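Undergrad:
In the numbering used here, the protein residues as written are 85 to 786.
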């Protein structure tokens, strides 16, 4: 067998001496080797053109398949024993058993054809032992041809499949036509590696997750419910692949973890998304792709095609970016403080959008570092604020406008993908501004007026973008992470308006007037944004039986009651805050002294407490001490639901709000909690506590 490698070399040398020799190819074959490898269409600008459009844009050598592939990786000929055995195996499949002497006499065309087939089945060589059984179980989850034909016609944008998991620069990704979901969701061969099959199943689940609810009736002819198929696909991959350490040693396995994490994120299961992405980060570090210069060895990939889909540096950036986003949302520590992706040398090779994304991720890491201290550092806050200003200025003013065409994001071309990137990056930018300045939102010192106004303006921008986004995107799952961002923005904007009226008896002079009081002129338009946001959440909850939307609308409704009462009835409310506080164990939180209070816990921030000013207990005054620079919002985690008799039947009548409402952004809908309390009683003499842990419980609704 060892002679085969030398024979291949000898034959190749003879072919070079005699000039390029043509191979026999199938009729109609027109694509070059490079386009075939990348699985893209091979087109020419004109019939007389000698180089295809793809090779011209990539700067690669354009060689037709009628000639030998000179650019084939040389490592194929270096593994003599492996390749010789594979050649014999393939030869026996096509022509029956032959002697070694016969094999050594094959023509260059035969050798080239066999090598091409060897590349196609390279992943099969990894499938041994129990892996074959895993592949079989995974393939059994794949829908039948009947079901696949029905579901593949669903109007799902390709952007859903690529969101957050593009591991090459955008410039390279958009240089080629974006593959359709139908082309991506092709069943792998039954002998494929389990990780390759798992990737297809995860893409299938993500596709099904993006099916609009109103289209579900068109899938009624499937023999299995599409949601059942979706959850079975993710569950099976989780049990057999992404939780199987023996299979997590390749770039493809990291990619699977990234897709699964994004699926969980879209479903609202942020904690599990964080855990899965953290596992991807750990595997990536074990493989060394977090380093500045890393060579992707053959042992790190399963299929050669992966090299065209994954750039290790870009993959590492995506993992860190997701980790910081999820850590900010959950109030958890970041997995890596390394910012090599934002070095000057790395930024020099990026487009403006890519540079902005990296600076935004850098800012997210700095916010997490700042939040790790007991008290937020105002100097660090100013530094991060300047970084976000610089990041935002990289894009043109028109780029920051709301979507000109609401339907553009639902398209199936590159424009749709670019629009999705634009919108999601806008949300990220404004949400980080809210996160950055929220700790100063309820401080009375005039030094923090800039922070208050910036947080309010960023919240307004989030709500404006949300209304455009919801008019475009039909799938609720695709919006779930944005829904959380909108909830926080709505809370901040409501508090900003409540605070702007605190102690305001009418402006009589311009001396020491808080800048935040200028919000009074924007109250009507802001209230319109908030009311419309509530309407969208309520309609989504009703039309699609969406419990997450229902819980969000419950909280927003009570916030708007307080804001309306403050404006229309002149009632003063005090907002106080305890950074990172969990007052569940504080017996005073449910004290009968507190007769009118709304409490909300946000993981990355703390507890916000809104109550009538005359009802503020002594413990709040003690918390502020001698310093008037204090925070105005408290969060509790008491799990005692309010009596069913305490309901609010007229949320927008301008009546007094209160009665001890307490929501927690980590346990909004705990299992076993029967009441979803859309309406609460206004009886200020009957104290009650309603705890809703926003993120923990929302994840249990999936």
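Glycine included, C-beta positions come from ideal geometry on N, C-alpha and C. Owing to the predicted nature of the structure, the values given are computational and were not obtained by experimental measurement.
1) Please report the straight-line C-alpha distance between residue 257 and residue 378, rounded to a whole angstrom.
2) Can you list, in chain order, the residues of its chain whose CB lies under 7 angstroms from that of residue 573, leaving out five sequence neighbours each side?
3) Return helix, strand or coil for residue 269, following the three-state DSSP convention.
4) When you compare only the Cα positions, how much space is there between residue 119 and residue 433?
5) In angstroms with no decimal places, state the Cα-to-Cα distance between residue 455 and residue 291.
6) Could you give the residue range of the beta strand (DSSP E) that holds residue 690?
7) Does DSSP put residue 458 in a helix, in a strand, or in coil?
8) Residue 606: which of 585, 626, 619 sits nearest, CA to CA?
9) Just how far apart, CA to CA, sit residue 228 and residue 283?
10) Is the beta carbon of residue 359 less than 9 angstroms from the beta carbon of residue 333?
11) According to DSSP, is residue 319 part of a helix, a strand, or is it coil?
12) So what's residue 338 in DSSP terms, helix, strand or just coil?
13) Which residue from 254, 146, 112 puts its Cα closest to that of residue 502?
14) Residue 539: buried (16+ other C-beta within 10 angstroms of its C-beta) or exposed?
15) From the DSSP output, in three-state form, read off residue 448 for me.
16) Using only CA atoms, which one of 638, 635, 654, 688 lies nearest to residue 661?
17) Just to check my reading of the structure: residue 266 and residue 351 have Cβ atoms closer than 8 angstroms, yes? What is that Cβ distance to the nearest angstrom?
18) Which value, in whole angstroms, describes the spacing of the CA atoms of residue 230 and residue 312?
19) Should residue 787 go down as buried or exposed, given a rule of 16 or more other Cβ atoms within 10 Å for buried?
20) Looking at the unbroken beta strand (DSSP E) that takes in residue 685, where does it start and where does it end?
21) Rounded to the nearest angstrom, how far is the Cβ of residue 636 from that of residue 571, given a contact under 8 angstroms?
22) Contact defined as beta carbons within less than 8 angstroms: I believe residue 369 pairs with residue 444. What is the distance between those atoms, to the nearest angstrom?
23) Could you work out which residue in 319, 657, 134, 140 is closest to residue 148 when comparing CA atoms only?
24) Quick one: what's residue 394 bridged to in DSSP?
25) As a quick exercise: from 500, 466, 397, 513, pick the residue whose alpha carbon is nearest that of residue 476.
26) With a CB to CB cut of under 6 angstroms and the five nearest residues on each side skipped, what residues in its chain are close to residue 288?
27) In the DSSP assignment, find the unbroken alpha helix (DSSP H) run with residue 239 in it and report its ends.
28) What is the DSSP secondary structure of residue 473, counted as helix, strand or coil?
29) Spatial neighbours of residue 222 within its chain, please: C-beta separation below 8 angstroms, excluding the five flanking residues on both sides.
30) With residue 508 as the anchor, note down where its alpha helix (DSSP H) starts and where it stops.
31) From this set, 327, 521, 498, 485, which residue's C-alpha is nearest residue 472's C-alpha?
32) Given a cut-off of 9 angstroms, decide if residue 684 and residue 575 are closer than it, judged by their beta-carbon atoms.
33) Let me check understanding here. Comparing Cα to Cα, which of 564, 307, 327 lies closest to residue 625?
34) On the CB-based measure, 16 or more other CB atoms within 10 Å of its CB, does residue 717 come out buried or exposed?
35) By a C-beta neighbour count over all protein chains shown, 10 Å radius and 16 as the cutoff for buried, is residue 465 buried or exposed?
36) So, at 6 angstroms on beta carbons, what are the nonlocal neighbours of residue 413 in its own chain, with the 5 sequence-adjacent residues on each side left out?
TA: Based on what the coordinates show:
1) 21 angstroms
2) 518, 543, 546, 547
3) coil
4) 25 angstroms
5) 36 angstroms
6) 690–696
7) coil
8) 585
9) 18 angstroms
10) no
11) helix
12) helix
13) 254
14) buried
15) helix
16) 688
17) Contact doesn't hold; Cβ gap of about 23 angstroms is too wide.
18) 16 angstroms
19) Lying outside 85 to 786, the shown extent of the chain, residue 787 is not represented and no answer is given.
20) 681–686
21) 5 angstroms
22) The Cβ separation is near 22 angstroms, so there is no contact.
23) 134
24) 251
25) 513
26) 269, 317
27) Note, residue 239: premise wrong, no alpha helix (DSSP H); not H, not E.
28) helix
29) 278, 281, 282, 285, 320, 321, 324, 325
30) 498–521
31) 521
32) yes
33) 564
34) Unreliable positioning characterises residue 717 in this predicted model, as indicated by a pLDDT of 34, which lies under 50. The coordinate reading is nonetheless provided below. By the 10 Å Cβ count, residue 717 comes out buried.
35) buried
36) 354
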